Amino acid sequence: MAAESHSRYRPEVSKTVTSNKPICRWRAALVGLQILLVGSALLPMAGCGGSSQGDGAAENLTPTQFEALPDHRKEEYRQIELRIPEGLAGVQLLPVNRGRFDSVVDRAVHTGMLEALMAQYTRALFESRYPRFKVEFVPFEMWGEDFKAVLAASLASGKAPAAYVARDLPGTAEQGLFADITDLIKGWDQADLQPATAVAWGYIDGRHYVIAGPDLGSMVIMYRKDWFREAGIFNEYGEPGPPTNWTWEDFKRISKQLTRPEDSVWGYADEPGDLGWSVANGFMYFVPDKAGEHTWRFNDKDPRLLIMLTKVRDMKFRDKSVLTGTGMSWGQWHQEFEGGRAAMIRTFSPYVPTQMLNSPYQFGQDKLYSETVGMVLPPTGSGGLRDLMPDANVFGFNPRLKPEELLAAFEWMKSYLYGETYLYRMRVSLDRARIYGKGDIIYRDLLISPYRAEQELDLPKPLEEVFPPDYIRTYDAIKGAPALPMARGFGLTEPAGQEYLESITAMFSEALADENADLEDIVARTAARINQNVLDFKDENDREKLKNFYTALGDYYRDNFPTFYNTVWPRLLEDYYKVW
Amino acid sequence: MAATVAHRRLRYAQVAGWIFASPALLVQTIFGWLPVAIAFVVAFQRYYLAKPAEWVGFANFAEVFADPLTPISFINTGIYAALSLGLTFIIPIIVAIFLLEMRPGIIRVMMILWFIPVAQMAGIVLWKWLYNTNYGALNAILNEVGIPSLQWLDSPQTAMLCLVLPGVIMFGPGLVYIASLQSIPDELYEAAHIEGAGIWQKIWYVTLPRIRPIIAMMLIFGVIGALQIFELPFIMTRGGPGTVTTTVVMRVYTLAFNSFRMDKATALSIVLFFAIMILIIIQRRYFKEDPDQ
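In structure tokens:
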């Protein structure tokens, strides 16, 4: 019975096991499968080999020679794919479907998608100049929080684009995520126009790994002009807003003055931090190790650290003028401002003109953005110091690119930053501005670009008529700001990275969580963490390098902030910096 | 001849078994065991994302043990696990036992409520805003009844407790206990009743021993889950205020994806792996699962 049951469920087995054929078939099938697997693995390799041989054999045609080829030869010749992220195409892409039209191009033409058509034009222009390259615009999420994971995965799979944003430097560069572009930078006529602070983090051991984007900016304070007007606070130009040379104590007082608890309005919103006090007062979180065992140590000996913690804690608990707390993020404090719960916030300067042009009535139909939101440099501290470091997004290149691919990618980025792509984008924007008779993002781009674009654009109106005076003044100051010497420029390892930032943020987060928290204990624990996890190293010949760095820093202060240099600097140098 | 046929059948069954299991084994190997094996390699390397790695021996483990945040994160994780198991492990057992004493209709409603799918991440974000010190609903309710606002997630004293509370509501394993309790034969209770047992004695001598295997299994899941807690502090506090809610897995995440220290992060996760393993061995050794023992 059992046998019957078994045979009922496996009739084929009962029939076939009477001979050796099934076993042979199994073996044959397994061997066949193996051959198939091995073959399928080898075939693409063979294909690759053939292709690369073909690449090597192909002669380099000039654009003129390429133009003379028939279409099918052109297609054969244009073999090298240059993958450019959509975000660096500079303009809008073609629609993904044709809709009611005959083709996506028809749809772009007949629905007025000028930027999309211009994208195709600039792409064709680039390919004409570099006949072997075929530009592909690819989706690549490089602005999200998980950018590093996305980049690492795409590099591992060989699908990373040719260029992408470079963030979290220098750690990402040290991880080998960007190609060495030193030789390309040397031949670039506008390399010196890059914001020094922005590209400094991508300059490692004398080699360049990044180029700066076209979005020059610095940290600024954006504020509600209407609330300043109501509070009777005007700057030296008679405009509602803080004086341009305001001090940190002014900031503290104004923040309190603008706070309205009954309306749930705070004077200022930010993440737990020093609220700009450290830079304004020349306080550095790390100083040379006087003992000489390490290059740097956390600066917990300077009494100003406790003074700073006390000041910001007073703003939160005594003045109740700062909206801050655990989990407060960049996006959240911007929401607090835009939701009408904060009178001032810290932001990156391009954000303000962008919002002004994109959302002119964000605060209501009767409140034009330019008349409602102002922009000013952060407050000053000791001797006129302030947090003014021109910065920009920077971009790096795929380290797996071959030299000619890297060159082409670099040329694309130059085109995107200030060349054809940039100019055509400007012209399309200009046409749109003329046709639709409204402000356009072109003005923002011109306001914030550090590069010398071909200024042949016939602007309908000058920038001064588009932006309020406080925006223009702030950008004039940002563009004219001198570059602060950085330790890494003198061969020193400069503490940076997320571990360092997280440690500092955790210190302030804890200090601002409890009115009666033991600040000395918090500082001691922060020092232990940073000294162990961030500063546990010693650079070679560091005394000499430190001497050079602090000498250059002193010169910078002497030339730009003489009051600070004469009053505060000598004591800091003697007490904390001088180890030579 | 018969032996040969049997042998061939066995061999056929073995080959067929391997063929049918191979897709699952392949996936498990590539996405499960291989990463674990690689982790044990990476922990002994200075690992770069796009450059060749270097062997560094036990240096990453030395860094982990020298890191002042390592003991803090383990203590925080332990506090979370204790609070979490206390509230989300024991309470559902008690609730389930007493629920079973109620009318079937109420049991069914409660089971449905427990079974309603809750969007975990959305729930956590919602809780974050409920806790908001300045305009969260909880403080609004307290203020309405004349109680001053609490700091909730902004206070080092209450932040960890705030992380645990959503778990009581959102992730209670009560459904499992109810199902387990319903499988206990009524005869056992009737026999206990005839012997003169009261409700507490029935619970102690009948109910708890019968669901002991389930309790043991849920305890293992609970311990592993609690020690691997990440999403709650990541979304609600980012480890703050200060470092009071920085858990081990959160530290692993920040090391790996913020600081790019995949090597040190892997070493820390291996330390956590062994810590969990030791706890599970202790639990398996001392917690008797057999209901008849």
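So the protein lines, in turn, are chains A and B.
When you number the first sequence by the numbering used here, it's gap-free, plus one each residue, and the end is 1526.
When you number the second sequence by the numbering used here, it's gap-free, plus one each residue, and the end is 1174.
Note that CB positions come from ideal geometry on N, CA and C, so glycine has one too.
Just so we're clear, the structure is a prediction, and the values are computed from it rather than from any experiment.
Taking the alpha helix (DSSP H) that residue i falls in, what are its first and last residues?
i, result
"B:Gly1055", "1055 to 1063"
"A:Phe1253", "According to the sequence as given, residue 1253 of chain A is Ile; it is not Phe. Start and end: 1250 to 1263."
"B:Ala1018", "1018 to 1025"
"A:Ile1387", "1387 to 1394"
"A:Trp1242", "First-last for A:Trp1242: 1242 to 1244, but that is the beta strand (DSSP E), not the alpha helix (DSSP H)."
"A:Arg1419", "1415 to 1426"
"B:Ala931", "Unbroken run through B:Ala931: none, as it is neither H nor E."
"B:Gln1096", "It should be pointed out that residue 1096 of chain B corresponds to Ile in this sequence rather than to Gln. Run containing B:Ile1096: 1093 to 1108, per the alpha helix (DSSP H) assignment."
"A:Val1233", "Looking at the DSSP string, A:Val1233 is not in any alpha helix (DSSP H); the run it does join, the beta strand (DSSP E), is 1232 to 1234."
"A:Leu1518", "1515 to 1518"
"A:Lys1080", "It is not in any alpha helix (DSSP H) - A:Lys1080 instead sits in the beta strand (DSSP E) that spans 1079 to 1084."
"A:Ile1030", "Here A:Ile1030 belongs to no alpha helix (DSSP H); instead the beta strand (DSSP E) covers 1026 to 1031."
"A:Arg1046", "No alpha helix (DSSP H) holds A:Arg1046; DSSP gives it neither H nor E."
So which of the options has the shortest CA-CA distance to residue i?
i, options, result
"B:Leu964", "B:Ile1022, B:Cys1043, B:Leu1007", "B:Cys1043"
"A:Val1084", "A:Thr1118, A:Leu1028, A:His1056", "A:Leu1028"
"A:Ala1442", "A:Gly1320, A:Ala1354, A:Val1042, A:Phe1232", "A:Phe1232"
"A:Thr1128", "A:Ala1354, A:Met1453, A:Thr1118, A:Tyr1155", "A:Tyr1155"
"B:Phe955", "B:Val1133, B:Gln1164, B:Ile1163, B:Phe1168", "B:Val1133"
"A:Leu1409", "A:Leu1376, A:Phe1072, A:Phe1436, A:Ala1177", "A:Leu1376"
"A:Met1335", "A:Gly1286, A:Arg1259, A:Asp1488, A:Tyr1421", "A:Tyr1421"
"A:Tyr1362", "A:Pro1141, A:Ile1157, A:Ile1150", "A:Ile1157"
"B:Ala940", "B:Gln926, B:Pro949, B:Gln909", "B:Gln926"
"A:Gly1117", "B:Gly1079, B:Leu1136, B:Leu1034", "B:Leu1136"
"A:Glu1091", "A:Leu1251, A:Trp1194, A:Ser1201, A:Trp1276", "A:Trp1276"
"A:Leu1034", "A:Arg1069, A:Asp1216, A:Thr1010, A:Glu1466", "A:Arg1069"
"A:Tyr1315", "A:Val1322, A:Asn1304, A:Pro1324, A:Leu1492", "A:Asn1304"
"A:Ala1429", "A:Pro1141, A:Pro1016, A:Ser1100, A:Asp1248", "A:Pro1141"
If residue i and residue j are in contact, beta carbons under 8 Å, what's the gap, nearest whole angstrom?
i, j, result
"A:Glu1032", "A:Val1374", "With a Cβ gap of about 17 Å, A:Glu1032 and A:Val1374 do not count as contacting."
"A:Thr1318", "A:Arg1170", "7 Å"
"A:Ser1328", "A:Phe1510", "6 Å"
"A:His1240", "A:Asp1482", "7 Å"
"A:Met1535", "A:Val1298", "Within the shown structure, residues of chain A are numbered from 947 to 1526, placing residue 1535 of chain A beyond reach of any answer."
"A:Gln928", "B:Phe1138", "Residue 928 of chain A lies beyond the range of chain A shown here (947 to 1526); nothing can be said about it."
"A:Ile1150", "A:Ala1119", "5 Å"
If we call anything under 8 Å between Cβ atoms a contact, is residue i one with residue j?
i, j, result
"A:Met1432", "A:Glu1440", "yes"
"B:Leu1062", "B:Thr1088", "yes"
"A:Ala1125", "A:Phe1341", "no"
"A:Pro1107", "A:Arg1024", "no"
"A:Ser1224", "B:Gly1123", "no"
"A:Met1372", "A:Ile1394", "no"
"A:Glu1081", "A:Glu1087", "Glu is not the amino acid found at residue 1081 of chain A; the sequence shown has Val there. No, Cβ-Cβ distance for A:Val1081 and A:Glu1087 is not below 8 Å."
"B:Gln1164", "B:Leu1108", "no"
"A:Ala1289", "A:Tyr1183", "no"
"A:Leu1331", "A:Asn1191", "no"
"B:Ala1072", "B:Gln1082", "no"
"A:Trp1212", "A:Val1268", "yes"
"A:Ala1338", "A:Leu1139", "no"
Could you tell me the boundaries of the beta strand (DSSP E) in which residue i lies?
i, result
"A:Thr1293", "1288 to 1294"
"A:Met1596", "As displayed, chain A neither begins before 947 nor continues past 1526, which places residue 1596 of chain A out of reach and without an answer."
"B:Lys1169", "Taken as a continuous stretch (DSSP letters only), B:Lys1169 belongs to no beta strand (DSSP E), as it is neither H nor E."
"A:Gly1320", "1319 to 1322"
"A:Phe1343", "1340 to 1343"
"A:Trp1212", "1212 to 1215"
"A:Ala1109", "1109 to 1112"
What residues in the segment 1433 to 1444 of chain A bring their beta carbon closer than 8 Å to a beta carbon of chain B?
Of all residues in the segment 1433 to 1444 of chain A, only Gly1443, Gln1444 come within less than 8 Å of chain B when Cβ atoms are compared, listed by chain position.
Could you list the residues in the segment 1135 to 1167 of chain B with a C-beta less than 7 Å from some C-beta on chain A, going in chain order?
Cβ contacts with chain A: Thr1135, Phe1138, Asn1139, Ser1140, Phe1141.
Output, in sequence order along the chain, the residues in the segment 1476 to 1499 of chain A whose CB is closer than 7 Å to any CB in chain B.
So the close ones are Gln1478, Asn1479.
If the cut-off is 9 Å on Cβ atoms, which residues from the segment 1208 to 1223 of chain A count as contacting chain B, listed in chain order?
When CB distances to chain B are screened at a threshold of 9 Å, the residues of the segment 1208 to 1223 of chain A falling below it are Ser1210, Trp1212, Pro1218, in chain order.
Got a sec: which bits of the segment 1270 to 1286 of chain A sit with their beta carbon under 7 Å from any beta carbon on chain B, in order along the chain?
For the segment 1270 to 1286 of chain A, the set of positions with a beta-carbon nearer than 7 Å to some beta-carbon of chain B reads Gly1271, Thr1272, Gly1273 in chain order.
Name the residues in the segment 1134 to 1153 of chain A whose C-beta lies less than 7 Å from a C-beta of chain B; which are they?
Residues: none.
Using a Cβ-Cβ cut-off of less than 9 Å, give me the residues of the segment 1089 to 1122 of chain B that come near chain A, in sequence order.
Here the close residues are Ile1116, Met1117, Thr1118, Arg1119, Gly1120, Gly1121, Pro1122.
Going along the chain, which residues of the segment 942 to 967 of chain B sit with their C-beta nearer than 7 Å to a C-beta in chain A?
Residues passing the 7 Å Cβ filter: Ala947, Asp948, Pro949, Leu950.
Counting only Cβ-Cβ distances shorter than 9 Å, please list the residues of the segment 1034 to 1056 of chain B near chain A, keeping chain order.
Taken in chain order, the members of the segment 1034 to 1056 of chain B whose beta-carbon sits within less than 9 Å of a beta-carbon on chain A are Leu1034, Asp1035, Ser1036, Pro1037, Gln1038, Ala1040.
According to a CB-to-CB cut-off of less than 9 Å, which residues of the segment 1004 to 1015 of chain B neighbour chain A?
Answer set for the segment 1004 to 1015 of chain B: Lys1009, Asn1013, Thr1014, Asn1015.
Residues of the segment 927 to 942 of chain B in Cβ contact with chain A at a cutoff of 7 Å, in chain order, please.
For the segment 927 to 942 of chain B, which is checked against every Cβ of chain A, the residues closer than 7 Å are Tyr929, Leu930, Ala931, Lys932.
Taking beta-carbon pairs under 7 Å, can you tell me which members of the segment 1013 to 1045 of chain A lie near chain B?
Taken residue by residue, none of the segment 1013 to 1045 of chain A has a beta-carbon sitting less than 7 Å from a beta-carbon on chain B.
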